[in-house]
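**Student:** I have a structure here, written as structure tokens, and I will follow up with some questions on it.
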Amino acid sequence: MSRLHPAARGMTLVPPQQVTLQGVLGDALAANRSGRLSTFVVDEHSAPISIFSQAHKHQNHEGDWYGEHAGKWLSATARAVAQGGQPQLEASLRRVADWLISQQDDDGYLGNYAAERRFTVPQPPKPETWNGEPALRTWDIWTHSYLILGFLETWRALGNAAYLQAACRIADLCWQALESGIDITTLGNHHGMSATVLLDPAADLYLVTGEPRYLALAERILAQANANPRLALLDKALAGEDAAFIATGKAYQLSWNLVGLAKLYKATGQDEHRQALDHLWHNIREQHLTLGGGPWGGVAHRSREVFNAPRTFFPQAYVETCSVLAWMQLNRELLAITGHARYADELERTAYNDLLAAMAPNGEDWCYYTYPNGRRVHTTYWRCCKSSGAMAVEELPQVAYGIAADGGLRVNLYGPGEATLLHAQAGAVTLLQATRFPFDGTVTITVLPECIATFGIGVRMPDWTTGARIEVNGQPVAAEAGADGFVQVRRTWQSGDRMRVYLPMQPRLHRAANINVQESRAPDGAPVAQEVLRWEYVGLSYGPLVYATGLIDGYKTDETVRLPDLPPSQWLQVGEDGGEGASITLQLDCRGPLMFEPYYRCGGRDHGSWRLSWLSLAPSD
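In the working numbering, the protein residues as written are 1 to 621.
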């Protein structure tokens, strides 16, 4: 029986085993599986797994974070295996999961810390630091949070109850620790946020098992997170606080906490949880994303992977790939809760831009940071973002299609491939997408229902297109999106019916500004504000893709331009599409032409290549 609260039944996402993605996203999945997932971990002797051996963990007094890789690998690999056709990965998954269980202690502990450093052992308080470091147990709960999620995905993929039991035993130990009087915010950095991420797996376990203890665990985690005055997760969100000022504003961890809050809302339907989610989603969406859809930071003193202060814009700031993962997961949950296309818009934007921009074609090399304006730097073997990127890629099949609360089918992501969705009257309905998307906006969907039946197919109207058209078997149909952002084409569908969706693409200019406002109060108490700094920038997109240029004139890392006082159509020229996206040329009066291409592949996808997606605008008179 479903544990979802009725308020959270917007869309059921289609499981990965029923979806096949091809094209750009399919290539990323194939590379991920032959690259990171197949090379980083093979068996219990692989370095990210062997650190869980009894011999190693008894000597580990450092409080390191490297244990996270095991749970991340389990999660990503299990999703890949669930799609089928991965016998070697499946064998590695079984072997590694079974070996990890063999190392689990009788009390459920499955970390890699020595006994006196574990989250179950009370520690003396530590003077507060800027990021709220705990006394000693920095990453123990963090590691276990990923392990719970990893075992849950392994159980879903392989069906062995031992994996679910391993996850439950970890959660039971966490419950006992909090019952003993330990405050979870004393167990992690950023005023507890690296420990309160346990909210996600705790709520997930409740949704899977229906065990009241796991719901109580999730609610206690949220209560303790809210009681910490520096974190105050729920209260600050409800008060309209900017994400940058909740705890330290750590983008990755705050976003992951919100994933947990979304799952808790799924379980309870509490209005204040939804209100908090809505506020922070809009705040992050409007204030803290790059043009490529990734949460970013790195400006001035806020340089430790935290959200930039509001109104701060600096093209040389960065996106942490871990934050991309958490943002995608949050949009996955909100898409399921609401059924609204805006969250699929974000998934599309992030996947085709900042996610692909961090990934090398070999699937093994990843960027820790991606820069709107900056150099591609492939990170080292152990870095967190390589495993987060691998997880994020495996998110894509399960968010591509959905079934709405009314039983109608939904196409969330465009791209070549197919999916089989179940309908009460039509039975198994296969949707075949034929398209060159994201390089071209024409999408042909062939509908193959098991039985002739009347039902709706909802196709998403992206926020980047205008003038969309839809035809069924060559006949035009209305293309007006409903309140959920989908155009629902309802008819009696027969096998072989074809729906063609035309999504016009035009070059779009985007303006951004770095603004500094001096704020004070007059003698009578009235607010006084004076803008003292303003730098303006312009960026370019085409359809769902952000565009960028390489080093300008072969050596410059920035450029200042003055845009013509003419319609953009007269100085933005779309070139021929050679197979992986058309080039766009800026014909400017102030300098020679500048050629732009899709951001994710600009300059090549090699270590050291440069991409510049923002140009400085000359001051206006």
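Every residue gets a Cβ at the ideal spot worked out from N, C-alpha and C, and that includes glycine.
(1) Can you tell me which residues form a DSSP beta bridge with L611?
(2) Alpha carbon to alpha carbon, what distance is there between A358 and L413?
(3) Per the contact definition of three or more C-beta pairs closer than 8 Å, is the stretch 404-421 in contact with the stretch 11-24?
(4) Opposite D577 in the DSSP bridges: which residues?
(5) Give the straight-line distance between the Cα atoms of Y318 and D565, rounded to the nearest whole angstrom.
(6) Within a Cβ cutoff of 7 Å, which residues of the same chain sit near A262, ignoring the five residues on either side of it in sequence?
(7) Runs of 4 residues minimum, wholly inside the stretch 337-406: which ones carry the alpha helix (DSSP H) assignment?
(8) When the Cα of T12 is compared with those of D27, Y206, G474 and V411, which residue comes out closest?
(9) S102: which of R79, R274 and E44 sits nearest, CA to CA?
(10) Would you kindly report the start and end of the unbroken beta strand (DSSP E) that includes S541?
(11) Between G485 and Y343, what straight-line distance do the alpha-carbon atoms span, to the nearest angstrom?
(12) Use the C-beta contact count for N516: other C-beta atoms within 10 angstroms, 16 or more gives buried, fewer gives exposed.
(13) Measuring straight from C-alpha to C-alpha, what distance separates I182 and P125?
(14) List the DSSP bridge partners of H423.
(15) Output the distance between the C-alpha atoms of M1 and R383, rounded to the nearest integer angstrom.
(16) Can you look up H69 in the DSSP assignment and give me helix, strand or coil?
(17) Whole-angstrom Cβ separation of Q323 and Y371, contact assumed at under 8 Å?
(18) So, does the stretch 388-396 touch the stretch 573-587, judging by three or more C-beta pairs under 8 Å?
(19) Report back the beta-carbon spacing between T186 and A135 to the nearest angstrom; my notes put them in contact at under 8 Å.
(20) Are I457 and Q494 close, meaning C-beta to C-beta below 8 Å?
(21) If you check the beta carbons only, do T143 and G71 fall under 8 Å apart?
(22) Does the Cβ of T492 have 16 or more other Cβ atoms within 10 Å, making it buried, or fewer, making it exposed?
(23) Looking at the structure shown, is Q17 part of a helix, part of a strand, or coil, going by DSSP?
(24) To the nearest angstrom, how far is it from the Cα of Y542 to the Cα of L178?
(25) Quick check: what's the CA-CA separation for Y381 versus T39?
(26) Bridge partners for G458 per DSSP, in chain order?
(27) Whose C-alpha, out of V501, G407 and N160, is nearest the C-alpha of R94?
(28) Quick one: complete alpha helix (DSSP H) runs, 4+ long, within the stretch 210-242?
(29) Could you tell me whether the stretch 270-286 touches the stretch 521-533, using the rule of 3 or more Cβ pairs below 8 Å?
(30) Starting from L147, follow the alpha helix (DSSP H) in both directions and report where the run begins and ends.
(31) Give me the residue from S520, A526 and L563 with the minimum Cα distance to G539.
(32) Which residues in the same chain as E133 place their Cβ atom closer than 6 Å to its Cβ, once the five residues preceding and following it in sequence are excluded?
(33) Would you kindly work out how many angstroms separate the C-alpha atoms of V574 and T549, rounded to a whole number?
(34) By the 10 Å Cβ neighbour count, where 16 or more other Cβ atoms means buried, how is N228 classified, buried or exposed?
(35) What do you get for M595, buried or exposed, if any count of 16 or more other CB atoms within 10 angstroms of its CB means buried?
(36) Is DSSP giving A548 helix, strand or coil here?
**Tutor:** To lay it out plainly:
(1) On the sequence shown, position 611 is the one that residue 611 refers to. At residue 611 the sequence reads Arg, which differs from the Leu that was named. Paired residue(s): G374.
(2) Translated into positions along the sequence shown, residue 413 becomes position 413. Translated into positions along the sequence shown, residue 358 becomes position 358. C-alpha separation (whole angstroms): 20 Å.
(3) yes
(4) Position 577 of the sequence shown, counting from 1, holds the residue named residue 577. Per DSSP, A582.
(5) What you label residue 318 is simply residue 318 of the sequence shown in a count that begins at 1. What you label residue 565 is simply residue 565 of the sequence shown in a count that begins at 1. When rounded, the distance between both Cα atoms is 32 Å.
(6) As a position in the sequence shown, residue 262 is number 262, starting the count at 1. Hits under 7 Å: L277, L330, E333, L334 and I337.
(7) 341-350 and 384-399
(8) Along the sequence shown, read from residue 1 onward, the residue named residue 12 stands at position 12. Residue V411 is the option with its Cα nearest to T12.
(9) As a position in the sequence shown, residue 102 is number 102, starting the count at 1. When each option's Cα is compared against that of S102, the closest is E44.
(10) On the sequence shown, residue 541 is found 541 positions in, with the first residue counted as 1. S541 -> beta strand (DSSP E) spans P527 to Y542.
(11) Numbered from 1 along the sequence shown, position 485 holds the residue referred to as residue 485. Numbered from 1 along the sequence shown, position 343 holds the residue referred to as residue 343. Their backbone Cα atoms lie some 10 Å apart in a straight line.
(12) The residue you call residue 516 lines up with position 516 of the sequence shown. N516 is exposed by the Cβ-count criterion.
(13) Sequence index remark: in the sequence shown, residue 182 carries index 182 (1-based). Sequence index remark: in the sequence shown, residue 125 carries index 125 (1-based). Distance between the alpha carbons of I182 and P125 is about 12 Å.
(14) Against the sequence shown, residue 423 aligns to sequence position 423. In DSSP, H423 forms a bridge with G427.
(15) The count along the sequence shown starts at 1 and reaches residue 1 at position 1. The count along the sequence shown starts at 1 and reaches residue 383 at position 383. Below a pLDDT of 50, predicted positions are generally treated as unreliable, and M1, at 49, falls in that range; the measurement from the model is reported next regardless. Cα-Cα distance, rounded: 40 Å.
(16) What you label residue 69 is simply residue 69 of the sequence shown in a count that begins at 1. Of the three classes helix, strand and coil, the one that applies to H69 here is helix, per DSSP.
(17) On the sequence shown, position 323 is the one that residue 323 refers to. On the sequence shown, position 371 is the one that residue 371 refers to. Strictly speaking, residue 323 in this sequence is Ser, with Gln absent from that position. Actually they are not in contact, since the Cβ atoms of S323 and Y371 sit about 14 Å apart, beyond 8 Å.
(18) no
(19) The residue labelled residue 186 in the question sits at position 186 within the sequence shown. The residue labelled residue 135 in the question sits at position 135 within the sequence shown. Yes, they are in contact, since the Cβ atoms of T186 and A135 sit about 7 Å apart, within 8 Å.
(20) Taking the first residue of the sequence shown as position 1, residue 457 is located at position 457. Taking the first residue of the sequence shown as position 1, residue 494 is located at position 494. Not a contact, by the Cβ cut-off of 8 Å.
(21) For this step, residue 143 is matched to residue 143 along the sequence shown. For this step, residue 71 is matched to residue 71 along the sequence shown. Result yes, Cβ atoms of T143 and G71 sit closer than 8 Å.
(22) The residue labelled residue 492 in the question sits at position 492 within the sequence shown. Answer is exposed; the Cβ neighbour count stays below 16.
(23) Residue numbering aside, residue 17 sits at position 17 when the sequence shown is read from its first letter. It is helical.
(24) Locating residue 542 in the sequence shown gives position 542, counting from the first residue. Locating residue 178 in the sequence shown gives position 178, counting from the first residue. When rounded, the distance between both Cα atoms is 50 Å.
(25) Taking the sequence shown and counting its residues from 1, the one referred to as residue 381 is at position 381. Taking the sequence shown and counting its residues from 1, the one referred to as residue 39 is at position 39. Distance between the alpha carbons of Y381 and T39 is about 11 Å.
(26) Position 458 of the sequence shown, counted from the first residue, corresponds to residue 458. Beta-bridge pairing links G458 to R410 and Q488.
(27) On the sequence shown, residue 94 is found 94 positions in, with the first residue counted as 1. Taking only the C-alpha atoms, the option nearest R94 is N160.
(28) 212-227 and 233-238
(29) no
(30) For this step, residue 147 is matched to residue 147 along the sequence shown. Per DSSP, L147 belongs to the alpha helix (DSSP H) from D140 to L158.
(31) Residue numbering aside, residue 539 sits at position 539 when the sequence shown is read from its first letter. Minimum Cα distance to G539 is reached at L563.
(32) The count along the sequence shown starts at 1 and reaches residue 133 at position 133. Taken in chain order, the residues that qualify are N189.
(33) As a first step, residue 574 must be located in the sequence shown, where it is residue number 574. As a first step, residue 549 must be located in the sequence shown, where it is residue number 549. Rounded to whole angstroms, V574 to T549 spans 14 Å at the Cα level.
(34) Position 228 of the sequence shown, counted from the start, is the residue given in the question as residue 228. So N228 ends up on the buried side.
(35) Stepping through the sequence shown from its first residue, residue 595 is reached at position 595. Exposed, by the Cβ-count rule.
(36) Along the sequence shown, read from residue 1 onward, the residue named residue 548 stands at position 548. Residue state, collapsed to three classes: strand.
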